[in-house]
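Visitor:
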Amino acid sequence: MTTLLIIEQVLNGLQFGIMLFLMAAGLTLIFGVMGLINLAHGSLYMVGAFAAAAVAGLTGSFVLALMAAMAAAAIAGVLVETVVIRRLYAADHLDQVLATFALILIFSEGTRWVFGSFPLFLNIPAYLSGPITLPGGIEYPLYRLFLIGIGLLVAAGLGLLITRTRIGIQIRAGENDREMIAALGVDISRLYTLVFALGAALAGLAGALVGAIQSVQVGMGEPVLILAFVVIVIGGIGSIKGALIGSILVGLTDTLGGIFLPQLFKLFMEPATAQTSGSALASMAIYILMAAVLIWRPTGLFGARA
Amino acid sequence: MKLKTLALSAALMALAGGASADGHGVKVGMITTLSGGGAGLGIDVRDGFMLAIAQSGRDDIEVIIEDDQRKPDVAVQLADKMIQAENVDVMTGIIWSNLAMAVVPSATAQGKFYLSPNAGPSALAGAGCHENYFNVAWQNDNLHEAAGAHATSAGYTNSFILAPNYPAGQDALTGYKRTYEGALAGEIFTQLGQTDYAAEIAQIRASDADSVFFFLPGGMGISFLKQYADSGIDLPVVGPAFSFDQGILQAVGDAALGVVNTSQWNKDIDNPTNAAFVETFQAEYDRLPSLYASQGFDTANLLISALETASPSDADAFRAALQAADFDSTRGDFAFGPNHHPIQDIYAREVIKEGDIYTNKIIGVALENHGDAYAGDCSF
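So the protein lines, in turn, are chains W and S.
Yeah, the first sequence ends on 327 if you go by the numbering used here, and it's all consecutive.
Yeah, the second sequence ends on 466 if you go by the numbering used here, and it's all consecutive.
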């Protein structure tokens, strides 16, 4: 276990966390501002990946593919918000969960209907592929560095949007008191649609970016969705800052846990058993982290509301 | 009142319809995965199976097809319905070993025949075998054993091996180690459904391995291969065919080129049955068949060959007819071992590009007339 390997794994954890952030940011905004549990957020991630794969296949341009992914996911988001979600704001969380779960099934089978049952091809563009040598002699894939860069840019942009713009003020006010800002004359339904579209576009972007190094297939969004929920619970619901810190914590815990726990167990166990039980514990690590954070701070790291 | 009567008579007619099929021909219940992430495999098995039925020209074989959604509880419900309400004679179709474990033992215990077109868990090959259970594909370990044999003959002496942490993944590494004679540079169990392999690839890079063996079926394999190709590591990779089937290769692209994988079937196996199968499958469905499609096709042809000599109502004669395996397999030579699992050649294939299509080419035989390691534990 050399220092180089550890640095490389920290980068991997960081990259994984940053991609989770793109999902969690939209989810936490939607939950924070509208009080809506959106299980279909993973489907928007899938819509982004499929749109990117389709456009990349047609045009060969990765940049166009990313733009198409954000546009397609945002459009799908606006449609879902105006047609289905708008009727659910007053309903309790169980109704929202049921309706958005139904949306998952509709999106999945709809996508299978349009694109077929086999995974689609989406690859890293040539100018971003291959490894580069970092200072210190670490060979690291350029594309993963690019992901870290994009994620940090989006995080900075979101931070500015929330703290420095009029829309940001409205979003923050909406989180605190929905009725009051409606009474103050802010068009709340327009604000909701906007927040939903923004969250959806971020999910679509994440789907396209990750789809290039993973597989673009039906059902790809749900595993990420579960992690994104863990992130917003850890970070505190509604907090963008919490989503960023929570994502990076989850990314690092998951990646480093998978490497070091089996190694740790080998100190006092047979290698084969250590490997199996270490891997098993590693897959629980983020949930243990979540439980620990909740015991320490029941509203999450940056959660305001109880 | 009138409505009630109408509903009742409709229900009775449905019942009568179910019963009348018993009188002649044979009823086949196919439970397979047709929706969700794993649907590509089930669709290929179904299409291969139905192609063979159509080509046989027999109209007395009724096939009832249901989607298990890759969920064991759904599969069990469907099986109960097929056995009790539909009264099928033969069952088939299940892709995943955990679903097979939930359905097959109870189906065979109720006197049904089960022909597996894919899943071959070790429990059903060894002590848990049943005289009415036939596996037409492979025992789960087989392709991994072939990969180990190939690694040994290719002169690899220090393999890094990885598979998901679930029963089939553990069987995969056991199977590889059974025939691979070199040392291990590392052994990792990944999470089932994991899509990011950066951490594992970093460990491969840091090890002094001379080759990599992986078993990551479906989307997991696509992710791994793309990330591995992008990492700049150029160690040779070996794996079973499950990450290199016709449905997946197009999504992996160049990253898969040159990888050696092991399979009991490929589209270039040189026999008339296979040539006709590949051609008619392409004509019918407008895509190249995968190994799953060939398994569905062979399963149906086995069933048809047994029906030529016996009817499922005469269980002993029908079982003997199945055991004889008197059909032309797309794989060429095919026979059942004492535990009703195949004895067959397993090939090493290499991923190539034909025009715009990624596909496989046979480069040699990895294991000849290979049975499975569990046959000795089986007694009917």
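Quick reminder that beta carbons are idealized off the backbone N, C-alpha and C, glycines included.
The model shown is predicted, which means the values in this text are computed figures rather than measured ones.
Return helix, strand or coil for S:Asp-431, following the three-state DSSP convention.
Guide: Three-state DSSP puts S:Asp-431 in a strand.
Visitor: Candidates S:Ala-254, S:Gly-255, S:Ser-202: which alpha carbon is nearest S:Arg-78's?
Guide: Residue 78 of chain S lies beyond the range of chain S shown here (87 to 466); nothing can be said about it.
Visitor: Please report the Cβ distance between W:Thr-339 and W:Ala-264, rounded to the nearest whole angstrom; I am assuming they are in contact, meaning their Cβ atoms lie under 8 Å.
Guide: Within the shown structure, residues of chain W are numbered from 22 to 327, placing residue 339 of chain W beyond reach of any answer.
Visitor: If you run the structure through DSSP and keep just helix, strand and coil, what is W:Glu-291?
Guide: Here W:Glu-291 sits in coil by DSSP.
Visitor: So, does the CB of S:Asp-463 fall closer than 9 Å to a CB anywhere in chain W?
Guide: Output row for S:Asp-463: interface = no.
Visitor: Assign W:His-114 to buried or exposed, taking buried as 16 or more other Cβ atoms, counted over all protein chains shown, within 10 Å of its Cβ.
Guide: W:His-114 comes out exposed.
Visitor: Please tell me whether S:Thr-257 and S:Ser-208 are closer than 9 Å, where the distance is taken between their beta carbons.
Guide: Before going further, note that residue 257 of chain S is Asp rather than Thr in the sequence given. For S:Asp-257 and S:Ser-208, yes; Cβs fall inside 9 Å.
Visitor: Here's a check: name, in chain order, each residue in its chain whose Cβ is nearer than 6 Å to the Cβ of W:Lys-262, leaving out the five neighbours to either side.
Guide: Phe-323.
Visitor: Please decide whether S:Asp-312 counts as near chain W, where near means a Cβ-Cβ distance under 9 Å.
Guide: First, the residue type needs correcting, since residue 312 of chain S is Lys and not Asp in the sequence shown. Taking Cβ atoms only, chain W reaches closer than 9 Å to S:Lys-312, which makes this a yes.
Visitor: Chain S partners of W:Leu-26, CB-CB under 7 Å?
Guide: Those are Ala-288, Ala-292, listed as they occur along chain S.
Visitor: Could you tell me the alpha carbon to alpha carbon distance between S:Pro-424 and S:Arg-417, rounded to whole angstroms?
Guide: Going by the C-alpha atoms only, they are around 20 Å apart.
Visitor: For W:His-114, which beta-bridge partners are listed by DSSP?
Guide: Answer is none; W:His-114 lacks a bridge partner.
Visitor: Return the CA-CA distance between W:Gly-267 and W:Ala-45, expressed in angstroms with no decimal places.
Guide: About 9 Å.
Visitor: Just to make sure I have the definition right: I need the residues of chain W whose C-beta is within less than 9 Å of the C-beta of S:Gln-336. Which are they?
Guide: Going along chain W in sequence order, the residues near S:Gln-336 (Cβ under 9 Å) are Phe-139, Pro-140, Leu-141, Phe-142.
Visitor: Hey, could you find the ends of the alpha helix (DSSP H) S:His-447 is sitting in?
Guide: For clarity, residue 447 of chain S is Lys in the given sequence; the question names His instead. No alpha helix (DSSP H) holds S:Lys-447; the beta strand (DSSP E) holding it covers 443-456.
Visitor: Look at the alpha carbon of S:Ser-380 and the alpha carbon of S:Lys-263, and state the distance between them as a whole number of angstroms.
Guide: Cα to Cα, the separation comes out at about 28 Å.
Visitor: Confirm, please, whether the CB-CB distance from S:Ile-247 to S:Leu-270 is below 9 Å.
Guide: In this structure, S:Ile-247 lies closer than 9 Å to S:Leu-270 by Cβ.
Visitor: Taking only beta-carbon atoms, is S:Thr-281 less than 9 Å away from chain W?
Guide: By this cut-off, S:Thr-281 is an interface position.
Visitor: Just mark S:Lys-447 as buried or exposed, buried being the case when its beta carbon has 16 or more other beta carbons within 10 Å.
Guide: Per the 10 Å Cβ criterion, exposed.
Visitor: Strictly by DSSP, which residues pair up with S:Ser-349?
Guide: Looking at the DSSP assignment, S:Ser-349 forms a beta bridge with S:Tyr-433.
Visitor: Against S:Phe-275, what residues of chain W qualify as contacts under a CB-to-CB distance less than 9 Å, listed in chain order?
Guide: Simply Pro-283, Gln-296, Thr-297, Gly-299, Ser-300, Ala-301.
Visitor: With distance defined between alpha-carbon atoms, name the residue in S:Gly-382, S:Phe-466, S:Asn-173, S:Gly-234 nearest to S:Tyr-433.
Guide: Closest option to S:Tyr-433, Cα to Cα, is S:Gly-234.
Visitor: Check this for me: beta carbons of S:Gly-305 and W:Pro-140, under 9 Å apart or not?
Guide: Yes. Within cutoff.
Visitor: Cβ atoms of S:His-216 and S:Thr-194: under 9 Å apart, would you say?
Guide: The answer is yes: Cβ separation under 9 Å.
Visitor: Quick check: S:Gln-280 and S:Ser-239, are their CB atoms within less than 9 Å of each other?
Guide: Contact: no.
Visitor: In the DSSP assignment, the alpha helix (DSSP H) including S:Asn-33 goes from what residue to what residue?
Guide: Only positions 87 to 466 of chain S appear in the structure, and residue 33 of chain S is not among them; the question remains open.
Visitor: May I ask which residues mark the beginning and end of the alpha helix (DSSP H) holding S:Ser-202?
Guide: It is not in any alpha helix (DSSP H) - S:Ser-202 instead sits in the beta strand (DSSP E) that spans 199-202.
Visitor: Could you list which residues in chain S have their beta carbon closer than 7 Å to that of W:Ile-169, in chain order?
Guide: By Cβ distance, chain S contributes nothing, its closest Cβ being about 12 Å from W:Ile-169, past 7 Å.
Visitor: Please report the distance separating the alpha-carbon of S:Glu-365 from that of S:Thr-359.
Guide: If you take the alpha carbons of S:Glu-365 and S:Thr-359, they lie about 10 Å apart.
Visitor: Quick check on S:Tyr-378: buried or exposed, where buried means 16 or more other Cβ atoms within 10 Å of its Cβ?
Guide: S:Tyr-378 should be labelled buried.
Visitor: For S:Glu-436, I'd like the list of residues in its chain whose CB is within less than 6 Å of its CB, leaving aside the five on either flank, ordered along the chain.
Guide: Answer for S:Glu-436: Val-346, Lys-447, Ile-449, listed in chain order.
Visitor: Can you find the residues in the same chain that come closer than 6 Å, C-beta to C-beta, to W:Ala-72, ignoring five residues on each side of it along the sequence?
Guide: Correct list, in chain order: Ala-89, Ala-90, Ala-93.
Visitor: Could you check where the alpha helix (DSSP H) with W:Leu-219 kicks off and where it finishes?
Guide: Here the alpha helix (DSSP H) through W:Leu-219 covers 209-232.
Visitor: Give the secondary structure of W:Val-84 by DSSP, where H, G and I count as helix, E and B as strand, and everything else as coil.
Guide: Helix.
Visitor: For chain S, is any of its Cβ atoms less than 9 Å away from the one on W:Phe-250?
Guide: So, not an interface residue.
Visitor: Whose C-beta lies closer than 8 Å to the C-beta of W:Gly-56 among residues of the same chain, with five residues either side of it excluded?
Guide: Same-chain partners within the cutoff: Tyr-110, Arg-199.
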